Each structure stands twice: as C-alpha cells, then as structure tokens.
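> Let me begin by handing over the structure; questions about it come next.
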Amino acid sequence: MEEIKIPFHEHLVRPCTRFLKAIWCGACGENQYRIYGGYRCNELGCDEAFHNECAEALPEIINSFHPEHPLTLIQDDDLHNACSLCQQRFILGYSCSICDFQIDMKCVRIPPPLVISENSCLHEHPLKLSYGEPSDSLEYDCAVCGFNIGYKHKYYYRCHQCKFAIHLRCVDKAPGAYHTSHPEHPLKSISSPPDYADKKCLLCGDEFDDSKPWHLEDKKLHHCDVCNFSICRGCKTNPPPVCVVSSTTHEHQLHLVPRRMDFTCNACGALGDRSSYFCLQCNFMIHRECIDLPRVININRHDHRISYTRRLGHGESPWKCGVCRKKVDGFYGAYTCSKCSTFVVHARCATRKDVWDNVELEGMPEEEVIAPFEVVDDSTIRHFSHDHNLYINKDGQILHENIVCEACVFQIGSESFYSCRKCDFILHEKCANLPRKKRHVCHNQPFTLNTVSRSEECFLCDKRFSGFRYESNVSFQITLDVRCCSISEPFVHESHPHPLYHVSDSTGYMVRRMLSCDKLSCDECDFSLEFKDAVLPKKVMRNRYDDHPLFLSYGESNVNGEYYWCEACEAKLDPKKWFYTCNDCGITLHVPCVVGDFSYIKHDQQGTLPTQEITDAHSQRPLPQVPHDLKLQVFIAEEEKFERGNRHDPAKEPCFSFSDDDEGSWLVYTFPNVFGAPTMYVFRRAKKHHATCFFLSKASISHDLLKLQTSNLKHTSLSSWTLHNNKKTESHHQKRRKCDFILHEKCANLPRKKRHVCSNLPFTLNTVSRLGICCLCGKRFSGFRYESYNSSRKTTLDVQCGSISEPFVHESHPHPLYYVSSSSSLFEKKKLSCDECDFSLEFKDALLPKKVMGNRYDDHPLFLSYGESNVSGEYWCEACEAKLDPKEWFYTCNDCGITLHVPCVVGDYSYIKHGTEQVQVYMCPRGTNTMQNYLQEAQILEFIC
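The sequence shown lines up with residues 1 to 945 when you count with full-length UniProt numbering.
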C-alpha cells in the first residue's frame, strides 16, 4: 500500500477506506468522531487520522468566499490565525497573502451557493449570503442557534423580505434540512424521540442525548415523522457515504441501506440490526465498521502475527475465539495464525482497541526475535544483562533466603539457576529465558525487558519491586514486574479448577492504575483472583519462623468456628483464607507476614547511599531493637514545603532525629498509611521558619540498629550527627536479656476473662499491643486491654480501669465508691460515686499513680497530693512554670518540696509505649534545650487515625 508524506505530520500516512473512529482530524482539528475513508498513520502508538481533503490539500486554491486572490496553504500549531468565516482559530487552513482573509479547512468544505432559492426546506423566501453587520441596522438572530448573526460567525444567509437569518455554519444543522441518507423528506429537529421511534441513531447506533442544547452536541435528534427515520446530529452534519468502493473488502461497489434490518455480517459473522452496506450483485452484507479490515496484525493475546481470511471453513472441532472464548462460525471471516493452526479470533475481537495495536503489518517483514543470551557451551551462557559468563546449576541446591534472583528478586529454591563465578549475579533458569520483547493482555502495545534494577511499582499487582521489569513506553509508560508479565491466557492456578482470564472493570489506564481494576476471572463461575495473589510463591524459606519450607495453603473449608494463630504477629488467622504453613511443624502465618510490601525489593537497592548507623550521642547505646526480618528501604516520591504552624501535617513521635551543622536538623517519622503499608516521613528543619518534607512512600526497618538509607536526602553532608532520643535508658541487665518483655506481678495475674460493672457482657484479655482508647477514662493507651463485643459495638478498657471493682476504696475519700453512669453512650463520662455524700471521682483521676519517678524534674519520687485546704499562698509548677492551685490535686516531692500539675507529670501519652503507631508530636526546633523554650517554640503536628 502506497504511503505519502504530508507536511503537517512526522510519519508517512496511508489511504484507507475504513470508517475511522477518530476524535478529531490530525490536520484541521475538526471534531467529527468518525472519518469515513481518509488517511491514517500506521506507526506504533500514533493513531492520527486525516480527512481526504486535508491530507490531499493543494498548496494553493481559489475559494468562492474569496475569489479575488489565490489562497496559500498554511499551518499554525500555535493557533495564531482565526478563520474569517467562523472566527475560530485553526491549525491548518488557507491564507491570502494580499489581504487578511483566512479560512480553515472546515469552512473550505462548505458548499458555495451564494443564494438559496425560495421554498427551500430552510425558508419560503430566497436567502442571500451576506457578510458583516446588516445594512438596515436591525437586530437579527440566527434561526438555528439563537445567537446574534454578528456573534462569532460573520457570514450568514439573510432574507430581505422578512427578518429571517441563519449563520453559514448553521445551515447543515437547521431543522427541516434534507439528508443524503433520506432524500425523500426533510428532517425535523426535536428534543427527544417519540414513543414509537427508536432510541438510537439509525446510521451509527448511538443513543440520543438530550441533556444539552441540541445545537451543541452530536447526539441530538433529527427525525422524519413520515418514515420514522431518526438520526443523530453527528450523522446529519457528517453523513456516511452512500456508496463505498474497497478492493480489500469486496470486489463490487457497496451501497448503504439506511434502515433497520437484521443481518449477519459476511466479514465478521456478528449480527447487525441497522444500516448495513450491501452488494447488489452477490448478496454480500457488511457492517460499516468491518469495511477494509486490516489484513495482517499483531494482538496482545498471541505471540505470532495473525491474518484475516474471508471464510474460515470447517475445523475438526468447533472454532473458539482466542479473545472472548466464544464460538467462531467458519462460514464467515476471522483471523488465524499461520503457525498455530488452532488459534482463531473473531474479526471484531481482534480489532478491538484494547487488543490490537492499530498497526497494519501487510507487506512488512517479520521482526527478528533476539535471544536473551548467547550459548557458550552446554552449561554456560552470556546473558545480555551481564558482562560475565553464567553457569548452570541443576543440583537442586537451596541457597540462603537472602540470596535472590536478579530478575524476579525472589529466593533461589530447588529449581535450576545460573550464577556468575566472578560476582554475586544470579538468575533463575526461567528468568534467564525471559524474552526481550513480549505482549501482554493488559495493554495493546508491546513490552520491552529492562534489566536496570531500580525501585518501581507494578501496574497490575501494585507491588513495589526492584529487579528486571517489562516496560511499554509507546503512548505512555506502563511497568510490569516479570512475575505479572509472565502470566498468559489461559492462566491455570492451583486454587481453582477452571482456567482464568484477564478482565478489567475499566478501559482507562489511569483509572485502572488507581483502582486496581485488573483481575483474573473464571468464565464458568464467579471466581476471580487479583494479580498480587496469583503471583504469590507456592514455597518460601523464612528461617526466622521455621527451618523448613513454608507452603501456600488456599484455605481449609472443613474448619468450623476455629481460628489459627500467626507465628509472626501472634494475631488470629482465619483458616478459610489463604495462609502459609509448614507441613512438618504445623505453624501457620498470614500471607502478608511472609510476603510483605518489600519482599520483592533487593537490599542496598540502587538509588540509596551506604547505610549510616545512628546511635544515641548522649547514652552511647544503640536504638531499641526492632523486627530483624525487615531492612530499611527509602523511596522518595515527592517533596513539599511545610510552613511553620501548619496543623495538618501527618507525623508521629520521631524514631530518631539528627542534625547537620550545615543544613539544619532532620526528624524522621514512621507510621502506617490507610492501606496498612508502612510510610516514613523525613522532615528537614532549615535555619529559617520552614521545613522540607520528603515523603517516603515505603519504609521498613533493620535488626538491632535503626539504619537510614540516605541516598536521596538532598543537600546534607551527613558529616556530624547528633541524636535526640527520648526513649528510656536500658540497664545492662536488660540488654543481656533475650528481649525486653517485662510485667508487674499483679499484671501477670490478670485473669484472661472477667466481668465489669460497666457492661453486662464478659470481657476478654487481649495482649496484642496497639493504640486504643479506654471507654471509661477516655485515655489513649497501648499494652494489654480488656475487650467486649456485641452486635453493635466493641467496648475496650485498659487493664487499670478493667481492674476496678465495687466497692472501690480511694485514699482521697473516706467512704467506698460505686460505679454510676447517667447514659449508656460510650461518649458519656463514667464516674465513681459515694452513696453517703455527693462526692464523685472520674475514672481518669481514680487511676492516677500515687508515686511517680520524674527524673527530668527531680531525683526523688513524686507523690500525689489530693490538695491542701490550709494553704493560702501560691504554688508554681516546676514543668510549665505556671501557677498551681494547691487546693486541687498535684504531684510533689517530699524531699525538695517542688510541685507539678498532674497533666505535666501524667500526660495524654503516659500510657503509650514508645514505638506505638499513632501519637501526637511536638517538633522541637533546633537549638531549644529547656522545656520552657520547647513549649514556646514547638511546632505541633497531629496524625489522627
């Protein structure tokens, strides 16, 4: 097929007789939705289409609207030129070099009659073409659009016998105009189809839309009430051709049959119900969309080219479509593969936008397949991603779990692998055979294997990964990890007896990316599987939990009312859901506890600088131990400015902070985001009153020492670090223990189940430490808790409130106290009240500790005082240096006599362990050392669950 070069497009374009679905012409920019015939670009990722008139535009013309001078073809990508007829700016059009007349390609195609005769479908009187303001100075409004005739469009038809006028561009939109597909009667413009009429356009099949003014939209209705003929405005202004000649489709001329009629398309075998094209000589009928189907194409469901055949013929067994999996009728046209005799695709399925890459391959040589490696000998290869030879190992050797494949970043189990003897490069045998180019069902464009290891996020499973990746950068970038890209149809998974196929709830790639719309679904039942679950490894080595391999279990249906327990997090595990288990020891683990957010990320990934070990500069002790199975990885996604005093910045108590003398102080925070994945924030405090926040989208933590990969932290020398850590100092005795778990004797004796006066339901002791709010005292706490469930709510008590029983004796009052509540609401304050007098005590006060060690204020113990009635003077708080009322409760030192407010000693977070996921933070600006300066200069940041 002969291709031509046009001056306003970078690629060659080729003529076609197909009905092109284009949003607009690539030359004139006219939005017609369909271009009948014309030219199209055949380059990968370029879907430009052009009108015949635009692609074949002459360099110079004489136009009836400006016959005085010749007009020269011009192109203006910056839209500086405006059409003299319609006043709209254009990209391609004609201009007069002598005067300032300009016309765009849309107006060039307007038929040139200067006078419309009387008794036409527009008006009973003759209409004359006019320009500019009317000479009689009267106000004329367009009979079609209603705007003044001088508005936008300077050319218009006007009646000199009455006050009728119509814009030149509105003539083809006028009610009562004739149409090429229905020349018998004029068509009337109506707001909605009558009850007896079809609700779809007779020509294109699109539904009518009357939600906007009819002259502004293509889906408005034009109707003939004599013949019950209804078409949309788009088909009225841009009518399909009455006759089509397409040698690639049929040897004879095809004629439009503009009426409703059921037929079977000879080209695709699908049913149609309206406006077919028909051959009068041989009874051939075809959809207009099937005219000029491409001969040879590539689709994302098959690795080879497929070719169109006009009649498939009979097969040994019924043909089945490789896209929709439905029957293919051999009496009609379809696509087949010359290398795979059983692969067949419906013509309509093969040319779908999400299946075909819109490139015709007829006459083009097949692309050579480049192998991913060169074979040196029977046991040695040279892979294109590595400079050294790789040697095969088929001994079934299981390597240490930290040694991972460079491609899929997963463990080397008993399967064969290639390894380098000069460095630690290693590949699974199956990963070494990954093709350098391939197609995938999720995208109509081909993917290329990229072996540069860096952190990315997979389009299908949403997992962050490093290692090899497949990328498609033709129209926009889509990245897949090698696990998801290796999935093909039909996909067989051990968890389901039927094959699975790719489905997506949306066709838009951005929507699919944000909402995770892609799944693997079963045609025979309602089973579906997300990609992140489909690629879970069936066998994993996790030596920190078990010395044996862990196997993926797809749930146990014969377990009723029982729960398993996860060996990692010690939380309940639903045995009816997927989990990992050891076949030898019987331990069970949640899937996320075995394969987490960072299981596919290599340690010391490119993009991070060497690890800096940080210790407490004051106590010279390491930071508290954290789970040893995770390694800190930092990925900086975006950078923002946070002004001082902004109370909407999410943060928590810093894991650590450090300062750089040249650049300011740094504060590091971690907490989980709303999806449960850990998130890290690094705040850099500059010398002025603002801080730079680096949002770290993923983070995990190393063993024994908290380490920060500081690769992308800009403008810091990391030369001098000063750690400000407010964790309590551990004794040498504690460091020698296996862990730092500790309990009061009375807490060790807490019953596992008990009842409490605040509820008629029993409470169960929960020992999983996480942030909670006590329903009695309203305090935030971590640690053990008592929980009670009913159908409408959960009641949570800390162990202090849960230990209160009646009668309750308190030193502040001589009589016993009893529980009272004026409401059953969880938000109503509960109290302890005296039956003999009007004394009452809130639970938060009843539980205040009688003795506290406050070493930052005094070396001696602080004792709770219940007020001194015989004092007339003023006391001062040692912490906040504000006045203290001695008649109210306060803390005091019996040796030194200092006094402190109760909230200054026992605050909102006194019952929360360091390292708990959510707390309120006061960011201390650099250089503030005392508590007074700290409170005066603090920037408050809150993170609310």
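Glycine is no exception: its CB is placed at the ideal position from the N, C-alpha and C atoms.
For clarity, every value in this text was computed on a predicted model and none was experimentally measured.
According to the neighbour-count rule (16 or more other Cβ atoms, all chains shown, within 10 Å of its Cβ), is isoleucine 403 buried or exposed?
Sequence index remark: in the sequence shown, residue 403 carries index 403 (1-based). The residue is exposed, with fewer than 16 neighbouring Cβ atoms inside 10 Å.
> If we ignore side chains and look at the alpha-carbon of each, how far apart do aspartate 424 and leucine 390 end up?
On the sequence shown, position 424 is the one that residue 424 refers to. On the sequence shown, position 390 is the one that residue 390 refers to. Their backbone Cα atoms lie some 11 Å apart in a straight line.
> Tell me which same chain residues have a C-beta within less than 6 Å of the C-beta of asparagine 558, skipping the five on either side of it?
In the sequence shown, counting from the first residue as 1, residue 558 sits at position 558. Result list for asparagine 558: empty, nothing under 6 Å.
> Among Asp329, Ile98, Phe65, which one has its Cα closest to the Cα of cysteine 83?
As a first step, residue 83 is located in the sequence shown; it is residue number 83 there, counting from the start. That would be Phe65, whose Cα lies nearest to the Cα of cysteine 83.
> Within 10 angstroms of its Cβ, does serine 385 collect 16 or more other Cβ (buried), or is it exposed?
As a position in the sequence shown, residue 385 is number 385, starting the count at 1. Classification of serine 385: buried, given that the 10 Å Cβ count is 16 or more.
> Between which two residues does the alpha helix (DSSP H) containing lysine 430 stretch?
Translated into positions along the sequence shown, residue 430 becomes position 430. It spans 429 to 432 - the alpha helix (DSSP H) in which lysine 430 sits, taken as one unbroken run.
> What alpha helix (DSSP H) runs, 4 residues minimum, are completely inside the region 62 to 128?
The region 62 to 128 contains these whole alpha helix (DSSP H) runs: 105 to 108.
> Opposite arginine 411 in the DSSP bridges: which residues?
Against the sequence shown, residue 411 aligns to sequence position 411. The sequence as given places glutamine at residue 411; arginine does not occur at that position. Partner(s): Val404.
> Tell me the DSSP secondary structure of phenylalanine 579 in three-state form.
Along the sequence shown, one-based indexing puts residue 579 at 579. Reduced to three states, the DSSP call for phenylalanine 579 is strand.
> Grouping DSSP H, G and I as helix and E and B as strand, with all else coil, what is lysine 532?
Your numbering for residue 532 matches position 532 in the sequence shown. If DSSP states are grouped into helix, strand and coil, lysine 532 belongs with the helices.
> If I'm right that tryptophan 565 touches lysine 576 with Cβ under 8 Å, what's the distance once you round it to whole angstroms?
Taking the first residue of the sequence shown as 1, we reach residue 565 at position 565. Taking the first residue of the sequence shown as 1, we reach residue 576 at position 576. Rounded, the Cβ-Cβ distance is 15 Å, inconsistent with contact.
> According to DSSP, simplified to helix, strand and coil, what is histidine 618?
Here residue 618 is taken as the residue at index 618 of the sequence shown, counted from 1. Bear in mind that a pLDDT of 31 at histidine 618, under 50, signals an unreliable position, so the number given afterwards is only what the model happens to contain. Histidine 618 falls in the coil class under three-state DSSP.
> Between the region 796 to 809 and the region 749 to 768, do at least 3 Cβ pairs fall closer than 8 Å?
Counting Cβ pairs under 8 Å, three or more are found: they touch.
> By DSSP, does serine 910 sit in helix, in strand, or in coil?
Residue numbering aside, residue 910 sits at position 910 when the sequence shown is read from its first letter. Serine 910 falls in the coil class under three-state DSSP.
> Any idea which residues DSSP pairs tyrosine 600 with across the strands?
Start at 1 with the first residue of the sequence shown, and residue 600 comes out as number 600. Paired residue(s): none; tyrosine 600 is not in a bridge.
> Is leucine 399 near the ligand SAM, going by C-beta to nearest heavy atom under 8 Å?
Absent from the structure shown: the ligand SAM. Ligands present: none.
> Around the Cβ of threonine 479, are there at least 16 other Cβ atoms within 10 angstroms (buried) or fewer (exposed)?
Reading the sequence shown from its first residue, position 479 is the one you call residue 479. Counting Cβ neighbours within 10 Å, threonine 479 comes out buried, since at least 16 surround it.
> What is the C-beta distance between glutamate 806 and tyrosine 786, in whole angstroms, given that I count them as a contact (C-beta under 8 Å)?
Position 806 of the sequence shown, counting from 1, holds the residue named residue 806. Position 786 of the sequence shown, counting from 1, holds the residue named residue 786. Rounded, the Cβ-Cβ distance is 16 Å, inconsistent with contact.
> In angstroms, rounded to a whole number, what distance separates the CA positions of threonine 248 and glutamate 362?
Position 248 of the sequence shown, counted from the first residue, corresponds to residue 248. Position 362 of the sequence shown, counted from the first residue, corresponds to residue 362. Cα to Cα, the separation comes out at about 12 Å.
> At which residue ranges does the region 156 to 199 contain complete beta strand (DSSP E) runs of 3 or more residues, listed in the order of the chain?
Those beta strand (DSSP E) runs which fall completely within the region 156 to 199 and span 3+ residues are 165 to 167, 188 to 190.
> Closer than 8 Å is the cut-off here; do at least three beta carbon pairs connect the region 589 to 602 with the region 534 to 544?
As far as the Cβ criterion goes, the region 589 to 602 touches the region 534 to 544, which means the pair count is three or higher.
> Apart from the five residues just before and just after cysteine 28, which ones in its own chain have a Cβ nearer than 8 Å to its Cβ?
Counted from its first residue, the sequence shown places residue 28 at position 28. Closer than 8 Å at the Cβ level, and outside the excluded window around cysteine 28, lie His51, Cys54, Phe90, Ile91, Leu92, Gly93, Asp104, Met105, Lys106.
> Could you check where the alpha helix (DSSP H) with phenylalanine 843 kicks off and where it finishes?
Against the sequence shown, residue 843 aligns to sequence position 843. Residues 843 to 846.
> Just grab the DSSP bridge partners of asparagine 766 for me.
On the sequence shown, residue 766 is found 766 positions in, with the first residue counted as 1. Asparagine 766 pairs with Arg785.
> Compute the Euclidean distance between the alpha carbons of proline 70 and isoleucine 62, then round it to the nearest angstrom.
Sequence index remark: in the sequence shown, residue 70 carries index 70 (1-based). Sequence index remark: in the sequence shown, residue 62 carries index 62 (1-based). Rounded to the nearest angstrom, the two C-alpha atoms are 5 Å apart.
> Using 10 angstroms around the beta-carbon of methionine 923, count the other beta-carbons present and answer buried if the total reaches 16, otherwise exposed.
The residue labelled residue 923 in the question sits at position 923 within the sequence shown. Because methionine 923 sits at a pLDDT of 36, beneath the cut-off of 50, its placement in the model cannot be relied upon, and the point is left open.
> Just mark glutamate 351 as buried or exposed, buried being the case when its beta carbon has 16 or more other beta carbons within 10 Å.
Residue 351 sits at position 351 when you count from the first residue of the sequence shown. Correcting the residue identity first, residue 351 is threonine in this sequence and not glutamate. Threonine 351 comes out buried.
> In terms of residues, what are the limits of the beta strand (DSSP E) holding threonine 351?
For this step, residue 351 is matched to residue 351 along the sequence shown. Taken as a continuous stretch (DSSP letters only), threonine 351 belongs to no beta strand (DSSP E), as it is neither H nor E.
> Compare the Cα-Cα distances from cysteine 834 to each of Leu847, Ala882, His810 and report the closest residue.
Within the sequence shown, numbered from 1, the residue matching residue 834 stands at position 834. Looking at the Cα atoms, His810 is the closest of the given residues.
> In the structure shown, what three-state DSSP assignment does lysine 830 receive?
Position 830 of the sequence shown, counting from 1, holds the residue named residue 830. It is coil, neither helix nor strand.
> How is valine 375 classed by DSSP in three states: helix, strand or coil?
Counting from one through the sequence shown, the residue named residue 375 turns up at place 375. Reduced to three states, the DSSP call for valine 375 is strand.
> Tell me the DSSP secondary structure of glutamine 800 in three-state form.
Here the question's residue 800 lines up with position 800 in the sequence shown. Of the three classes helix, strand and coil, the one that applies to glutamine 800 here is helix, per DSSP.
> Are residue 951 and lysine 538 close, meaning C-beta to C-beta below 9 Å?
The structure shown does not extend to residue 951, since the chain is modelled only from 1 to 945, so the question has no answer here.
> Quick check: isoleucine 306 and threonine 336, are their CB atoms within less than 9 Å of each other?
If you number the sequence shown from 1, residue 306 lands on position 306. If you number the sequence shown from 1, residue 336 lands on position 336. In this structure, threonine 336 lies closer than 9 Å to isoleucine 306 by Cβ.
> Leaving out the 5 sequence neighbours to the left and right, which residues in its chain are closer than 7 Å to phenylalanine 19 when beta-carbon positions are compared?
Your numbering for residue 19 matches position 19 in the sequence shown. So the qualifying residues of the chain are Arg34, Tyr36, Arg288, Glu289, Ile291.
> Looking only at its own chain, which residues have a Cβ that is under 7 Å from the Cβ of alanine 197, when we skip the five neighbours before and after it?
Numbered from 1 along the sequence shown, position 197 holds the residue referred to as residue 197. Cβ within range, chain order: His223, Asn228, Ser230.
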